[in-house]
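Just so you know, the protein sequences line up as chains F and U, in that order.
Heads up: the first sequence at position 150 corresponds to 1275 in this note's numbering, and the numbers run straight through without jumps.
Heads up: the second sequence at position 154 corresponds to 1279 in this note's numbering, and the numbers run straight through without jumps.
No residue lacks a Cβ here, since even glycine has one placed at the ideal position from N, Cα and C.
These numbers were taken from a predicted model, which means no experiment stands behind them.
Number of protein chains: 2
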Amino acid sequence: MSASEKIQSAIEKSSWIRKMFEQGNQMKKQYGAENVFDFSLGNPNLEPPPRFKEILLELVKDASPGRHGYMPNAGFEETREAVADYLNTFNRPRFSSDEIVMSVGAGGGLNVVLKTILNPGDEVIIPCPYFVEYNFYLDTHQGVPRIVSTKPDFSLDIDAISDAVTQKTKAVLINSPNNPTGRVYPEAALNKLGNLLEHHSGKLGHPIYLISDEPYRKIVYDGIKVPSIFDAYKESFLVTSFSKDLSLPGERIGYVAANPEITDKEMLIAGLILSNRILGYVNAPALMQRAVSHLLEESVDISLYQKKRDVLCDGLASFGYDFIKPEGAFYLFPKTPIADDVAFVAALQAERILPVPGSGFGGPGHFRIAYCVSDEVIENAMPGFEKVMKRYRK
Amino acid sequence: MSASEKIQSAIEKSSWIRKMFEQGNQMKKQYGAENVFDFSLGNPNLEPPPRFKEILLELVKDASPGRHGYMPNAGFEETREAVADYLNTFNRPRFSSDEIVMSVGAGGGLNVVLKTILNPGDEVIIPCPYFVEYNFYLDTHQGVPRIVSTKPDFSLDIDAISDAVTQKTKAVLINSPNNPTGRVYPEAALNKLGNLLEHHSGKLGHPIYLISDEPYRKIVYDGIKVPSIFDAYKESFLVTSFSKDLSLPGERIGYVAANPEITDKEMLIAGLILSNRILGYVNAPALMQRAVSHLLEESVDISLYQKKRDVLCDGLASFGYDFIKPEGAFYLFPKTPIADDVAFVAALQAERILPVPGSGFGGPGHFRIAYCVSDEVIENAMPGFEKVMKRYRK
């Protein structure tokens, strides 16, 4: 008995994923990194916008004292005000700095919200396919995931969510634009979901929270807009980061925003701030808090991701791959032509193409391509995608 | 029911501390911040060393791609190598990058270790007085604190630790130099503790881990050295940060080091890395990882803290305060002349002096002065310290 039972079992269960990554690394050594087409990670290939570098340089040159010290656990007042101002540009409820808690990325922010609201055994409904890391987050806070299907086009199945509500339901956790499907939930769907949760909250006698994980909000295509969860439902939390839209995932900077109209607001916000502290995050990294306060309207050039999406989708469609065209994020989630997605991904891997089996997202019979890679990687992987499909296509 | 029961209760319990802080803030508004002597927080008043700024400027000017992207969850290989090299300058076991996991401060690192080793109900022995935030960390991972007394001079009571061992004991958590007492545990004490834990581990049939929280290692006085826990005991983890010695607490950068000779090393290190990921930290902030890799031998000018300690200790001793002179860290933990430390601190507060009651550290009948403040704050607080002591001294 060294590591805890849960950690040992998690390590053992994830060993096939690790094996895949190790094989990928082995391949890169053997064939050269440029001859291996790695679509496995959501690590943006685009550099942060030039304005980020400029701001960072200014901040580092600033000799005012205490720039790297502790600040309130919620974060710098100026940063939280800037976030509130930004949120006020596209939400009906009016935000002030009070409703904002700066976090260690969206991963940190999700844990802060879950720690704040979950009693042991509380259930959280999650539409599937989904980012399975959520299971670990729930488990740390002794929550129980209730995984519900989406419709075949990956849109929300409101009836399935309704059927999954029990006395123990504490929250619904959505992710739009979605990882791994690229789906954006439209306003009508959010309104339906909001009405449903209001109805069930009334019946249960406690609020069911809507937690929206939105790090891909700015990464949308064809003029689509991501609607506001705050407009759709009162008992709601937004969790997001600057990891994807500013290409800063390694810097761990994001925030939680509570709906200004949320019931029992003072207690919940005190809970978020306390949770940020006692989960060991303490506060979001200071320098990055200052940097992002000047960059709320900025993003990388999204048209570059749209181009990657289009080249990839056009290519795969011509080879007979079956998929829903992503509306946002930088993931494509095609069906595998055989039921065994792990076997299909192994076949792609033999062509030096490294995606992730859909089983890793609760979506067997699919595979995920993270196309936040260089255009060359996409182009050069095409013959391999074609070859493998030819072999399996009926 | 909005926030979880535990969070609600933690908010209510900590409300008197919050009230004190609020009163302090109110005072600063009323009298001007320069007329309020705030000794409540371990937020270093010294600026980071000049070399930190130079390195940071170089890093920000570096235009190489991917500087802010994801890296392995354990951290950058170069940073982990630099940490290993540094550890090899004062520990007998030989470190490589494999045994290092970069963390979101020491708070993050402690949670990573606890998540890795604790099964629900496992006990962790903690010598008291102590940093009570540990209780929250343990609770998140369903661990149970077993608080044991130290000797009257705050040195380790090895017999008390031995008596506290049960079948459920999974770890002993020490903090040296200590917050709040300033005590440094000498080599002989660590060796005794190591032998004791080896003995009990053998009897229990599983290792009892020694976790050493050492963010104040470089902040020591009068030529004292902090001995190595790795030399004293095989089943050991070091957790530390650059928050105090480089004055970077807001940047959340630290690391965990596992003893290279620890039993079941591969599993434990895989557990640390997995825990860093699934607790939502994901990785330590990228830019700061690169910065500290060049600053492992650096620190702020410790002689300045020693001078503060001496001025404070000389003054308080002359007024009749009773305390153990700190050997390290930047905290003084005097006895209160009356049993009710909250009342005594309230009396100091009336003189615009803001320390923290010892009850906040499991040490009632004491109060903590964080002397990481300007020399003026210390000097200007002296009359108030004298006045209050005169009133209460028998």
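- Check the Cα spacing between Gly1509 of chain F and each of F:Pro1489, F:Arg1477, F:Gly1483: the tightest is with F:Arg1477.
- For the region 1153 to 1183 of chain U, the set of positions with a beta-carbon nearer than 9 Å to some beta-carbon of chain F reads Leu1166, Gly1167, Asn1168, Pro1169, Asn1170, Glu1172, Pro1173, Phe1177, Lys1178, Leu1181, Leu1182 in chain order.
- Residues of the region 1413 to 1427 of chain F that bring their beta carbon within less than 9 Å of a beta carbon in chain U comprise Met1413, Gln1414, in sequence order.
- Nearest to Ala1231 of chain F by alpha-carbon distance, out of F:Gln1148, F:Leu1298, F:Arg1217, is F:Leu1298.
- Counting of Cβ neighbours within 10 angstroms places Tyr1517 of chain F among the exposed residues, the total staying below 16.
- With a threshold of 7 Å between beta carbons, Val1229 of chain F makes contact with chain U.
- For the region 1361 to 1390 of chain U, the beta-carbon criterion of a distance under 9 Å to any beta-carbon of chain F is satisfied by Ser1368, Leu1371, Ser1372, Leu1373, Pro1374, Gly1375, Glu1376, Arg1377, Ile1378, Ile1387, Thr1388, Asp1389, Lys1390.
- For Thr1365 of chain F, the beta-bridge partners assigned by DSSP are F:Tyr1380.
- Asn1260 of chain U carries a helical assignment under DSSP once its states are collapsed to helix, strand and coil.
- Judged by DSSP secondary structure, Ala1495 of chain F falls within the beta strand (DSSP E) whose first and last residues are 1492 to 1495.
- Judged by DSSP secondary structure, Ile1250 of chain F falls within the beta strand (DSSP E) whose first and last residues are 1248 to 1253.
- DSSP places Asn1300 of chain F in the strand class (E or B) of the three-state scheme.
- With a cut-off of 8 Å on Cβ pairs, the region 1339 to 1358 of chain F is not in contact with the region 1471 to 1486 of chain F, counting fewer than three such pairs.
- In the DSSP assignment, Val1273 of chain F is bridged to F:Pro1252.
- Contacts with chain U at 7 Å (Cβ-Cβ) include Ser1127 of chain F.
- For Gly1232 of chain U, the closest Cβ of chain F is nearer than 7 Å.
- Per the coordinates, the alpha-carbon of Arg1219 of chain U lies some 52 Å from the alpha-carbon of Phe1448 of chain F.
- For the set U:Ile1503, U:Glu1501, U:Ala1506, U:Val1470, the Cα lying nearest the Cα of Pro1489 of chain U is the one of U:Val1470.
- Under the 10 Å beta carbon count, Gly1157 of chain F is surrounded by fewer than 16 other beta carbons and is classified as exposed.
- The closest CA to that of Val1381 of chain U, considering only U:Cys1497, U:Ser1139, U:Glu1339, U:Leu1318, is found on U:Glu1339.
- Taking the Cα of Arg1192 of chain F as reference, the smallest distance to any Cα among F:Pro1410, F:Leu1393, F:Ala1464 is reached at F:Pro1410.
- Taking 7 Å as the Cβ-Cβ cut-off, the region 1280 to 1314 of chain F has no residue approaching chain U.
- Around the CB of Leu1429 of chain U, fewer than 16 other CB atoms lie within 10 Å, so the residue is classed as exposed.
- When 9 Å is used as the limit between beta carbons, Pro1190 of chain F is near these residues of chain U: Asn1170, Glu1172, in chain order.
- For Thr1204 of chain U, the secondary structure class from DSSP, reduced to helix, strand or coil, is helix.
- Ser1337 of chain F: member of the beta strand (DSSP E) spanning 1334 to 1338, first to last residue.
- Annotated as distal: Asn1160 of chain U and Cys1497 of chain U, with beta-carbon spacing of 7 Å or more.
- The C-beta of His1193 of chain U comes closer than 7 Å to at least one C-beta of chain F.
- Less than 7 Å separates the beta-carbon of Thr1241 of chain F from that of Ala1128 of chain U.
- Annotation: Gln1431 of chain U to Arg1415 of chain F spans about 32 Å, alpha carbon to alpha carbon.
- Taking a 10 Å sphere around the C-beta of Ala1199 of chain U, we find 16 or more other C-beta atoms and assign the residue as buried.
- Using a Cβ distance threshold of 7 Å, Ile1403 of chain U and Phe1261 of chain F count as a contacting pair.
- No Cβ of chain F is located within less than 7 Å of the beta carbon of Pro1482 of chain U.
- At least 7 Å separates the CB of Gly1149 of chain U from every CB of chain F.
- Under the three-state reduction of DSSP, Tyr1456 of chain U is assigned to strand.
- Secondary structure note for Ile1387 of chain U: it is in no beta strand (DSSP E), with a DSSP letter that is neither H nor E.
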